[in-house]
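These notes are about the structure you will find just below.
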Amino acid sequence: MRRLSEHEEGEIDGILSREDEILPSSGFAVSVMDAVRREAAILPPIAFPWRRALPGMIVGGFVLLLVLVRGIVALPQLIRASAGADLRMALPSVSLPIFQGNLAYAAIWTVLALLIALAAVKLSMRLGSGSV
Amino acid sequence: MRQVQSENDVSASDDQADVERVLAGDTSAFEGIVRRWQGPLINLAYRFCRDRGRAEEMAQEAFLRAYRGLGQWRKDAVFSTWLFALATNLYRSELRRIPAYMATVSLDDIAEPADARASDGGLEEQDRDSAVRRAVWALPAKYREALILFYFHDMDVSTAARSLGLPEGTVKARLFRGREILRGKLAQRQAVPRLKEA
Chain A
1 MRRLSEHEEG EIDGILSRED EILPSSGFAV SVMDAVRREA AILPPIAFPW RRALPGMIVG
61 GFVLLLVLVR GIVALPQLIR ASAGADLRMA LPSVSLPIFQ GNLAYAAIWT VLALLIALAA
121 VKLSMRLGSG SV
Chain B
1 MRQVQSENDV SASDDQADVE RVLAGDTSAF EGIVRRWQGP LINLAYRFCR DRGRAEEMAQ
61 EAFLRAYRGL GQWRKDAVFS TWLFALATNL YRSELRRIPA YMATVSLDDI AEPADARASD
121 GGLEEQDRDS AVRRAVWALP AKYREALILF YFHDMDVSTA ARSLGLPEGT VKARLFRGRE
181 ILRGKLAQRQ AVPRLKEA
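The listed protein sequences correspond, in order, to chains A and B.
Just so we're aligned, residue 1 is where the first sequence starts under our numbering, counting upward by one.
Just so we're aligned, residue 1 is where the second sequence starts under our numbering, counting upward by one.
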């Protein structure tokens, strides 16, 4: 494809520069300002209460870290237990020490989990209503 | 030229003063910005969509976004540069979402003259203008947008590049390629003998 000659460039430039200007309709600025005022009247979104939530988040993070550390510490025991026995036979009985125990032990864990969930819901509702 | 520079300086300082008032909580100060820039923003939108009603809608949305994002304007660039970049970005995404009617013209459609009688006189010129505009509309978006911004900003590549948020070299390359495609298509057309002669 050959290059455009100066004449052709000029001709295309001339045509595309000759754009008709359109004038804004008479109510345009008023309409924009109405929309802007509506926008300004809307309350800004509630910012996340970092200051209030931070202690809870730190505690939550610490608990998560603790569980992870316990899990990692328990892992070699789990591997040793599974290596010592026939894998197919041993698997159903092999579990983390945290899950071992009787029915009462499981019930305590369940109640504890429910209490934590309830506390989390209550706290988030109080944070949301700003009453904390 | 000096007078234009002086007008631009006045406008820039007016813009800055209005932005500061809006950020301080005086919403009505935004009207000054709207009154100063409504014409350019509507005309830019019109070049993108060729529909007056839609151009005003898009310009209104651009002003609203500018209002919401006023705090993000870093004063290292002139306010109008920031405003045009924001508007251009919005217009491009709007046109990608709902293409303008004219944008559906195929490049091949412009090869034949619309009116067979248009081989001389004013009709020929009118037809040539129309063909060039239709050819621009049929270009791939990236070339079309570069051409629209280039001619909107009085053929100033650096301003067009800032509006598009692209390096100058990229814009120059797109302008060159866009014109090459235009020339190729227009040269096929019988009603533009002057383009072929040169």
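Built from N, CA and C at the ideal position, the CB exists for glycine as well.
Note that the structure is predicted; figures quoted are calculated from it, not measured.
Next on the checklist: Between valine 32(A) and chain B, is the shortest Cβ-Cβ distance under 8 Å, so that the two count as touching?
Outcome noted: Within the first sequence, the letter at position 32 stands for residue 32(A). It does: the Cβ of valine 32(A) has a partner Cβ on chain B nearer than 8 Å.
Checklist entry - Would you call serine 124(A) buried or exposed, if buried means 16 or more other Cβ atoms sit within 10 Å of its Cβ? => result For the purposes of this step, residue 124(A) is taken as residue 124 along the first sequence, with counting starting at 1. Per the 10 Å Cβ criterion, exposed.
Next on the checklist: Does serine 119(B) pass the burial test, meaning 16 or more other C-beta atoms within 10 Å, or should it be called exposed?
Outcome noted: Position 119 of the second sequence, counted from the first residue, corresponds to residue 119(B). Caution applies to serine 119(B), whose pLDDT of 47 falls short of 50 and renders its modelled position unreliable; the model cannot decide the point.
Item to check | Whole-angstrom distance between serine 13(B) and aspartate 129(B), CA atom to CA atom | outcome: To locate residue 129(B), count along the second sequence from 1; it is residue 129. To locate residue 13(B), count along the second sequence from 1; it is residue 13. Answer to the nearest angstrom: the Cα atoms are 39 Å apart.
Checklist entry - For the alpha helix (DSSP H) that contains threonine 110(A), what are its first and last residues? => result Here residue 110(A) corresponds to residue number 110 of the first sequence, with the count starting at 1. 103-129 is the extent of the alpha helix (DSSP H) around threonine 110(A).
Next on the checklist: Just verifying my parser: in three-state terms, what is the DSSP assignment at glutamine 16(B)?
Outcome noted: The sequence position of residue 16(B) within the second sequence is 16, counting from 1. Note: glutamine 16(B) maps to helix in three-state DSSP.
Checklist entry - Would DSSP call aspartate 127(B) helix, strand or coil? => result Mapped onto the second sequence, residue 127(B) falls at position 127. Helix at aspartate 127(B).
Checklist entry - Quick one: Cα of lysine 122(A) to Cα of valine 63(A), how far? => result Locating residue 122(A) in the first sequence gives position 122, counting from the first residue. Locating residue 63(A) in the first sequence gives position 63, counting from the first residue. Spanning the two alpha carbons is a distance of roughly 19 Å.
Next on the checklist: Just checking: is the beta-carbon of serine 25(A) within a distance shorter than 8 Å of some beta-carbon in chain B?
Outcome noted: Counted from its first residue, the first sequence places residue 25(A) at position 25. Serine 25(A) counts as touching chain B.
Next on the checklist: Contact defined as beta carbons within less than 8 Å: I believe glutamate 39(A) pairs with leucine 64(B). What is the distance between those atoms, to the nearest angstrom?
Outcome noted: Taking the first residue of the first sequence as position 1, residue 39(A) is located at position 39. Taking the first residue of the second sequence as position 1, residue 64(B) is located at position 64. Their Cβ separation, rounded to whole angstroms, is 6 Å, which keeps glutamate 39(A) and leucine 64(B) in contact under 8 Å.
Checklist entry - By how many angstroms is the C-alpha of alanine 47(A) removed from the C-alpha of isoleucine 116(A)? => result For this step, residue 116(A) is matched to residue 116 along the first sequence. For this step, residue 47(A) is matched to residue 47 along the first sequence. So the two alpha carbons sit approximately 25 Å from each other.
Item to check | Contact set between threonine 27(B) and chain A, taken where Cβ atoms lie within less than 7 Å | outcome: In the second sequence, counting from the first residue as 1, residue 27(B) sits at position 27. Chain A residues near threonine 27(B): Val36, Arg37 and Ala40.
Checklist entry - Are the stretch 131-147 of chain B and the stretch 28-38 of chain A in contact at 8 Å, needing three or more beta carbon pairs? => result no
Item to check | Contact belief for glutamine 60(B) with valine 32(A) at Cβ below 8 Å, rounded distance in angstroms | outcome: Counting from 1 along the second sequence, the entry for residue 60(B) is found at position 60. Counting from 1 along the first sequence, the entry for residue 32(A) is found at position 32. Confirmed, about 5 Å.
Next on the checklist: Using 8 Å as the cut-off, can you tell me whether the stretch 57-74 of chain A makes contact with the stretch 76-93 of chain B, which would need three or more C-beta pairs spanning the two stretches below that distance?
Outcome noted: no
Checklist entry - Measuring CB to CB, does lysine 185(B) end up less than 8 Å from alanine 135(B)? => result Working through the second sequence from its first residue, we reach residue 185(B) at position 185. Working through the second sequence from its first residue, we reach residue 135(B) at position 135. Going by C-beta atoms, lysine 185(B) is nearer than 8 Å to alanine 135(B).
Checklist entry - By the criterion of Cβ-Cβ separation under 8 Å, what are the contact partners of phenylalanine 30(B) in chain A? => result Walking along the second sequence from the start, residue 30(B) turns up at place 30. Result: Met33 and Val36.
Item to check | Separation of valine 73(A) from threonine 81(B), as counted between CA atoms | outcome: As a first step, residue 81(B) must be located in the second sequence, where it is residue number 81. As a first step, residue 73(A) must be located in the first sequence, where it is residue number 73. The alpha-carbon atoms of threonine 81(B) and valine 73(A) are separated by roughly 59 Å.
Next on the checklist: Out of Leu78(A), Leu66(A) and Asp20(A), which one is the CA nearest neighbour of isoleucine 42(B)?
Outcome noted: The residue given as residue 42(B) occupies position 42 in the second sequence. If we check each option's Cα against that of isoleucine 42(B), Asp20(A) comes out closest.
Checklist entry - Using 8 Å as the limit for Cβ to Cβ distance, is serine 17(A) near chain B? => result The residue you call residue 17(A) lines up with position 17 of the first sequence. Judged by the 8 Å Cβ criterion, serine 17(A) is in contact with chain B.
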